[in-house]
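Chains as they are written, first to last, in the working numbering: chain A, 1 to 211; chain B, 1001 to 1211. These notes are about the structure you will find just below.
2 protein chains.
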Amino acid sequence: MATARTTAAERRRQILDAAVRVFARQGFHTCRVSDIADEAGVAYGLLYHYFRSKDEVLDTLFLERWDVMVELIEQVDARTELTAREKLAAITSFIIDSYRHDPDLMKVVIVEVTRAANTFGRTHLDAINRAYGSIAKIIEKGMASGELRDTITPQFAAMTFYGAIEQALTGWIFDMLPTGDESFEQIKGFVVDTICGGLDARPAPDPPAGV
Amino acid sequence: MATARTTAAERRRQILDAAVRVFARQGFHTCRVSDIADEAGVAYGLLYHYFRSKDEVLDTLFLERWDVMVELIEQVDARTELTAREKLAAITSFIIDSYRHDPDLMKVVIVEVTRAANTFGRTHLDAINRAYGSIAKIIEKGMASGELRDTITPQFAAMTFYGAIEQALTGWIFDMLPTGDESFEQIKGFVVDTICGGLDARPAPDPPAGV
DNA sequence: CCAGCGATTGACTCGTCAGTCAATCACGTC
DNA sequence: GACGTGATTGACTGACGAGTCAATCGCTGG
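So, in structure tokens, the structure goes:
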């Protein structure tokens, strides 16, 4: 019987949601635990009833989101009817839509964990690398089928691809890129076009020199 | 007359160099000012004789290095005999060599400032954007001359290009990429090849559909 | 109506550091 | 060889914030 007004799960969620807003607004290191409690409208101590530490709150938020992303990547990879380029487009679209849908959460994931691998991400390097690995697999298959060039390693290609997306998100987070639905869609196209098509104008078939 | 053993400038340098090592090893937020003083072999208080705060030490390190980089980019751009691709290759080479030459310093610049734009970089967003702007100008000229495709904005192309380099540095910093001279040279090639040439195998001239 | 138990509260403890400052040192100068 | 100035020292202060805990609340089942 759901304990009256709010269940334990709901309360926990309420704290997590408040934490997202606070982390996004003030940054993880800068905010106090009391800020999160205030934002959630609960007492300071209650936070420690649901989480072992301030760190655990961030960990939870990150993993919740990141796991969804990794799973999405793997699902996309499984759709054998898609070309590598289409798979990359689907992933790009998903991540950018994630940002569009909940910018605060993505900001926390990117700024406080992914891009802060020193402090925090070190703990999550494995999770981060799993994502790279899955993307690399997609690219590897694309190379095997002849769709993609195999002059670079799939590993590096995956890093560059993900880097381009992260760079775009960072651009929005720090107001270096215009926001708005058109911008989101435009950038989706840019990411795939840049990574797959490259900057060079057409004529320039093979790498420099040769035997 | 150089005050005996060490001049003021030398002492200052000594502290900055120690700070680089400490920041690289422990991270800016995690280390104590006393760690820097110890590493430099000077008393705690002396640090405040040369710098107003712990932050100012990091600011100084970042700006010292970043300014050199921005200037390099502008110098490269001025060499009109180079193609856009060659300019991008020169910039890539310079940044990667900077890392090879002083990994600790580049680690601090990237991890503690550039990629931590929330905490710190916010102060330095202007400096960071200046670099993007200079790269964008190179790309813009390349587009104007017909060397590069102009289906994406120079601004976005610059972000992706710089993002690819940063991603590579991050890969080395967190041991996701093998170190060693060959790796450095190989990645230089990868960056330019990926960004300019794209992942697609040749035949695929124009964007999808069309009028 | 009461006992029991998890949820909830927030004042308090306890460490940790950034930054200060008065004292001391080591030159160069006259 | 005394004086003054800037370099150097490190003990100390003050603020701050994570995590604790004993007390209270409000169900629920008997």
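Virtual Cβ for every residue (Gly too), placed ideally from N, Cα, C.
Could you check whether the Cβ of residue i sits closer than 9 Å to any Cβ belonging to chain B?
i         : result
Gln167(A) : yes
Glu140(A) : no
Met159(A) : yes
Glu147(A) : yes
Ile173(A) : yes
Met1(A)   : Model confidence at Met1(A) stands at a pLDDT of 40, short of 50, so the residue's coordinates are unreliable; what they give is reported in the following sentence. By this cut-off, Met1(A) is not an interface position.
Arg21(A)  : no
Arg152(A) : The amino acid at residue 152(A) is misidentified as Arg; the sequence shows Ile. Yes, because at least one Cβ of chain B sits closer than 9 Å to the Cβ of Ile152(A).
Asp35(A)  : no
Glu39(A)  : no
Asp59(A)  : no
Arg220(A) : Any question about residue 220(A) goes unanswered here, given that chain A covers just 1 to 211.
Tyr48(A)  : no
Thr92(A)  : no
Arg130(A) : no
For a test of your reading of the model: does the CB of residue i fall under 8 Å from any non-hydrogen atom of the ligand PLP? Yes or no.
i          : result
Leu1105(B) : Only the bare structure without any ligand can be found here, which leaves the ligand PLP out of the picture.
Would you verify that the beta carbon of residue i is, or is not, closer than 9 Å to some beta carbon of chain A?
i          : result
Gly1180(B) : no
Glu1074(B) : no
Met1176(B) : yes
Cys1196(B) : yes
Ile1187(B) : yes
Val1211(B) : With a pLDDT of 43 at Val1211(B), under the threshold of 50, the modelled position of that residue is not reliable, and no figure is offered here.
Asp1225(B) : As displayed, chain B neither begins before 1001 nor continues past 1211, which places residue 1225(B) out of reach and without an answer.
Phe1156(B) : yes
Val1191(B) : yes
Thr1080(B) : no
Tyr1099(B) : no
Asp1102(B) : no
Val1111(B) : yes
Asp1200(B) : yes
Arg1115(B) : yes
Thr1030(B) : yes
Ala1164(B) : yes
Can you tell me which of the options puts its alpha carbon nearest to the alpha carbon of residue i?
i          : options                                           : result
Ile132(A)  : Ala158(A), Gly163(A) and Arg21(A)                 : The sequence shown places Tyr at residue 132(A), not Ile. Per the Cα distances, Ala158(A).
Phe1094(B) : Thr1179(B), Leu1169(B), Ser1145(B) and Thr1007(B) : Leu1169(B)
Asn129(A)  : Asp1017(B), Leu1016(B) and Asp1175(B)             : Asp1175(B)
Arg25(A)   : Arg52(A), Glu112(A) and Ala9(A)                   : Glu112(A)
Ile195(A)  : Ile165(A), Lys141(A), Glu185(A) and Trp172(A)     : Ile165(A)
Leu1199(B) : Ala84(A), Ile96(A) and Ser53(A)                   : Ala84(A)
Val1192(B) : Val1070(B), His1124(B) and Ile1096(B)             : Ile1096(B)
Ile91(A)   : Gly163(A), Thr7(A), Cys31(A) and Gly27(A)         : Gly163(A)
His101(A)  : Ala201(A), Asp181(A) and Thr7(A)                  : Asp181(A)
Arg1122(B) : Gly27(A), Thr6(A) and Leu16(A)                    : Gly27(A)
Leu1125(B) : Ala1089(B), Phe1023(B), Leu1082(B) and Asp1059(B) : Asp1059(B)
Phe1190(B) : Cys31(A), Thr6(A) and Asp150(A)                   : Asp150(A)
Phe1120(B) : Thr80(A), Thr6(A), Thr7(A) and Thr30(A)           : Thr30(A)
Under 6 Å Cβ to Cβ from residue i, same chain only, skipping five residues before and after it: list those, please.
i          : result
Gln14(A)   : Ala40
Val1057(B) : Ala1019 and Phe1051
Lys1054(B) : Val1033
Ile1187(B) : Ala1168
Val70(A)   : Arg130 and Ala131
Ala1089(B) : Val1192
Ala37(A)   : Tyr44 and Leu47
Ala127(A)  : Trp66
Asp1035(B) : Val1022
Leu1072(B) : Phe1094
Whose C-beta lies closer than 8 Å to the C-beta of residue i among residues of the same chain, with five residues either side of it excluded?
i          : result
Arg21(A)   : Glu39 and Asp104
Arg1011(B) : Val1042, Leu1046 and Tyr1050
Glu74(A)   : Ser134
Ala17(A)   : Just to set this straight, residue 17(A) is Asp in the shown sequence, not Ala. Closer than 8 Å at Cβ, skipping near neighbours: Ala40.
Could you pull out every residue in the same chain whose Cβ sits closer than 7 Å to the Cβ of residue i, ignoring the five residues on either side in sequence?
i          : result
Ser183(A)  : Leu177
Asp1077(B) : Lys1087, Ser1134, Lys1137 and Ile1138
Trp1172(B) : Tyr1099 and Thr1179
Met1001(B) : Confidence at Met1001(B) is low in this model, with a pLDDT of 40, below 50, so its placement is unreliable and the value that follows should be read with caution. Taken in chain order, the list of residues that qualify is empty.
Lys141(A)  : Ala84
Phe161(A)  : Leu88, Ile135 and Ile195
query = Can at least three beta-carbon pairs, one atom from the region 150-158 of chain A and one from the region 1057-1072 of chain B, be found at a separation below 8 Å?
reply = Short answer: they don't touch.
ask   = Mind pulling the alpha helix (DSSP H) runs of 4 or more residues that sit fully within the region 113-172 of chain A?
value = Here the runs fully enclosed are 122-144.
message = Across the region 105-123 of chain A and the region 1142-1150 of chain B, are there enough close Cβ pairs to call them in contact, namely three or more that are closer than 8 Å?
response = With the cut-off at 8 Å, the region 105-123 of chain A and the region 1142-1150 of chain B do not touch.
query = Are at least three pairs of beta-carbons, each pair with one atom in the region 1065-1084 of chain B and one in the region 1098-1112 of chain B, less than 8 Å apart?
reply = At 8 Å Cβ cutoff, the stretches touch.
inquiry  = For a minimum of 4 consecutive residues, which ranges assigned as the alpha helix (DSSP H) are wholly contained in the region 1056-1118 of chain B?
reply    = Runs found: 1084-1101 and 1103-1107.
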